[in-house]
Amino acid sequence: MGVCLRRAIRESLLLKGAVLGLTVGIGLWLSPAVSAPLEGRLAQALELQTPGLAPEGSPPPIPLTGQEGTEVLVGKVPVFRLQTAEYPSDVRADNVRAIIERFLEEGQLPEPEVRVAQEANGQYVLRLGERGRFEATQRYLFTVTYADAAAERRIPLGQVSLNDVRLVANSWARRLEQAIAEYRQDRLDLQRTRDPRVLLFTLLAGLATLALGFFLWRLFDRSLVRLQRWLELRADPGWGSWIDVGGSLLRSLGAMLIAGISLDRGISFIPPLRPFQRAFYARLEQVVDTALGVLTQPLPNSHVSIASLLVFFVLAALVFTVAHYISVGLKRRLLGRLGLDLGTQESTAAIFKYVLTLFGILLVLPFSGLNLSSLAVIAGAVGLGIGFGLQNLSNNYISYLAILLERPIQIGDLVEVDNLLGTVEHIGPRATVLRTLDRIFVIVPNSRFTESKVVNWSYRDPRCRIHIPVGVAYGSDTAVVTEALLAVARGNPRVLTNPPPQVWLRSFGPSSLNFELLVWINRPQDQFVLISELNFAIEAEFRRRGIRIPFPQQDIHIRSLEGLVSLSPDGGSRSLPDAASIQSALSEAAQFLEDKSGLS
67 MGVCLRRAIR ESLLLKGAVL GLTVGIGLWL SPAVSAPLEG RLAQALELQT
117 PGLAPEGSPP PIPLTGQEGT EVLVGKVPVF RLQTAEYPSD VRADNVRAII
167 ERFLEEGQLP EPEVRVAQEA NGQYVLRLGE RGRFEATQRY LFTVTYADAA
217 AERRIPLGQV SLNDVRLVAN SWARRLEQAI AEYRQDRLDL QRTRDPRVLL
267 FTLLAGLATL ALGFFLWRLF DRSLVRLQRW LELRADPGWG SWIDVGGSLL
317 RSLGAMLIAG ISLDRGISFI PPLRPFQRAF YARLEQVVDT ALGVLTQPLP
367 NSHVSIASLL VFFVLAALVF TVAHYISVGL KRRLLGRLGL DLGTQESTAA
417 IFKYVLTLFG ILLVLPFSGL NLSSLAVIAG AVGLGIGFGL QNLSNNYISY
467 LAILLERPIQ IGDLVEVDNL LGTVEHIGPR ATVLRTLDRI FVIVPNSRFT
517 ESKVVNWSYR DPRCRIHIPV GVAYGSDTAV VTEALLAVAR GNPRVLTNPP
567 PQVWLRSFGP SSLNFELLVW INRPQDQFVL ISELNFAIEA EFRRRGIRIP
617 FPQQDIHIRS LEGLVSLSPD GGSRSLPDAA SIQSALSEAA QFLEDKSGLS
């Protein structure tokens, strides 16, 4: 039991994630010197600037990032930044921290209250006191300056108004009061944990939270496995890979979510770890704010930002996916029931998908903050690319649109292009997939179907006529030959009875009567199989009826006997040969010609 428990704990992603998150949190809290330069570099890359014109005669505005000055830390958690005014920013921040520490050290950790007051000179100041006895315990914290408001609101100093200062003062008062109250609560909890029993109880509560998270993870993992098995049994085999990928993603997301929640709740039960937790969340919030600032920063010479582009791409992908599945549902639910052929269904569904996608993109553009004018640069770049390097791609896509509209070829057609014969399996935006009779898939660019001569055996009417030439010996009865050929054609199930098969006597050859059997079929892809079957049947039928298939014959006429002198029995005599020698020479010559032509 102990071995199994240790193995389960080692293999648990929950505890691994908890340890990793705790390590990262402590590292961020303990190393502000490492994170601060990173934040500074990101802040320099931001250079956020509120659009607008500075008053005439004022110095040029300085881009503000909100990262200038010194942070005010309450319990090592940053709250806001003070800028340099009458005193340096670090001196002002240290003075605020010292006042807060002295306030909490008086009495038994009094409950804080922060108020904003406007002095006689119009400046706004923040004061700290004990709730319920504010007038008797109040003390001055700091004055909110115009520089503080400019850095907080990220606007040029010359554009800051007194109302901006008031808004920043009220916001800082609420944030500072909440931060001091949380810091006070942490110190109260730390005082309670001085009791060993309370400390033990908090540790047990934290461990119980982690154990509960581990149990929930195991329950979630087993439930997900059962759900995957149920879906694999009910869904089509083609969805198997999608089910596996979806299960893996859900398992990873569930592990991170359960681990994060368990770790957060477990740390919240342990007072000594709460400062680390608050510091980690504060640093994480700063990183997120900086990243959002970078993403929302407009690109140079445009109003388009990285965030708007990301939103556009996400919504565009959603539009493409929805349009695809709607077109598939239209083809299966409606077009299939209308009795349309496969090619018409494919072309209609494709046209509907692209029209739906176009309208979806036009609707997505305003939601993502983009407009057609902001995409002028991108459109110009795309047009330039088409002009220089994408001619073939654009040509194939335009050919694809022409194929969809004119439909010279469709899914399932038997076509012949560039001496390539095959069945159309898929028509894509760039190329068409052909399956040859040898079940070899060939990718053919769409432009070949609009620029080259294409033979479509299935265009409109798939019926076609096949010619089978047959030669018989002279002297054969032509009526018997015709009857034999027709009997063979009628006996083959691939041959159509309407139109009926025919037999033509095409010509009188040198050694044969040349007939031609013409049959009709409705599956052009079966023509080669049909020709072979008919040839086998014709040979067997001719043999049964005694019809002879001739071979080429040649007649030799001798005009002079001088060439046969060497064949005389006396071994080279110039005398004329006798009849026996001539007969023997002729036989040898005929045998030689037959051997040479390969005929017997």
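Going by this note's numbering, the first residue of the sequence shown is number 67, and it counts up by one from there.
The C-beta atom is built at its ideal place from N, Cα and C for all residues, glycine as well.
Taking Pro535 as the centre and dropping the five residues before and after it, the same chain places the C-beta of Glu582 closer than 6 Å to its C-beta, in chain order. Here the alpha carbon of Gln225 sits roughly 29 Å from the alpha carbon of Ala348. When the beta-carbon positions are compared, Glu482 and Val521 come within less than 9 Å of each other. Rounded to whole angstroms, the gap between the alpha carbons of Thr516 and Trp308 is 37 Å. Following the DSSP letters along the chain, one finds Ile587 inside the beta strand (DSSP E) bounded by residues 579-587.
Cβ atoms of Pro338 and Thr259 come within 8 Å of each other, at about 7 Å.
A Cβ-Cβ separation of about 6 Å places Val138 in contact with Leu148 under the 8 Å criterion.
Straight across, the Cα-Cα distance linking Ser513 with Ser413 is about 17 Å. For Ile392, the closest of Val421, Gly405, Leu254 by C-alpha to C-alpha distance is Val421. Short of 8 Å from the beta carbon of Arg292, and not among the five residues preceding or following it, lies no beta carbon of its own chain. Taking all protein chains shown into account, Asn588 has fewer than 16 neighbouring C-beta atoms within 10 Å of its C-beta and is therefore exposed.
DSSP places Ile534 inside the beta strand (DSSP E), whose first and last residues are 530-538. Between Leu579 and Trp570, the C-beta gap is not smaller than 9 Å, which leaves the two residues out of contact.
One alpha carbon belongs to Ile506, the other to Ser518, and they sit about 21 Å apart. With distances taken between CA atoms, Asn458 lies nearest to Arg496 out of Arg496, His492, Leu192. By the criterion of a C-beta distance shorter than 8 Å, Asn236 is surrounded in its chain by Val182, once the five residues flanking it on both sides are discounted. Exposed is the label assigned to Trp305, since fewer than 16 other Cβ atoms lie within 10 Å of its Cβ. By the neighbour-count definition (other C-beta atoms within 10 Å, threshold 16), Val354 is an exposed residue. For the set Phe658, Leu596, Pro576, the Cα lying nearest the Cα of Ala555 is the one of Leu596.
Here Pro364 carries a strand assignment [DSSP, helix/strand/coil]. For Phe146, the three-state secondary structure derived from DSSP is strand. Here Ile246 is buried: its Cβ has 16 or more other Cβ atoms, across all protein chains shown, within 10 Å.
In terms of Cβ geometry, Gln184 and Arg193 do not form a close pair [threshold 9 Å].
Counting along the chain, Thr268 sits inside the alpha helix (DSSP H) bounded by residues 262-300. For Ile493, the pairing in a beta bridge is given by DSSP as Thr498. Between Leu175 and Arg250, the C-beta spacing is below 9 Å.
Around the CB of Leu500, 16 or more other CB atoms lie within 10 Å, so the residue is classed as buried. For Asn461, the enclosing alpha helix (DSSP H) has its first and last residue at 457-472. The beta carbon of Tyr206 lies closer than 7 Å to those of Val191, Arg193 in the same chain, with the five residues before and after it left out. Measuring C-alpha to C-alpha distances from Asn461 to each of Asp479, Gly488, Pro511, Val430 identifies Pro511 as the nearest.
Arg193: member of the beta strand (DSSP E) spanning 190-196, first to last residue. For Val385, the closest alpha carbon among the candidates Val231, Leu424, Gln476 is that of Leu424. In terms of Cβ geometry, Val162 and Ala239 do not form a close pair [threshold 9 Å]. Ile327 is classed as exposed because its beta carbon has fewer than 16 other beta carbons within 10 Å across all chains shown. The beta carbon of Tyr466 sits closer than 6 Å to the beta carbons of Pro495, Asn512 from its chain, once the five residues preceding and following it are set aside; these are given in chain order.
Excluding its 5 nearest sequence neighbours in each direction, Ala216 has C-beta neighbours in its own chain below 7 Å: Leu130, Pro222, Leu223, Val226, listed in chain order.
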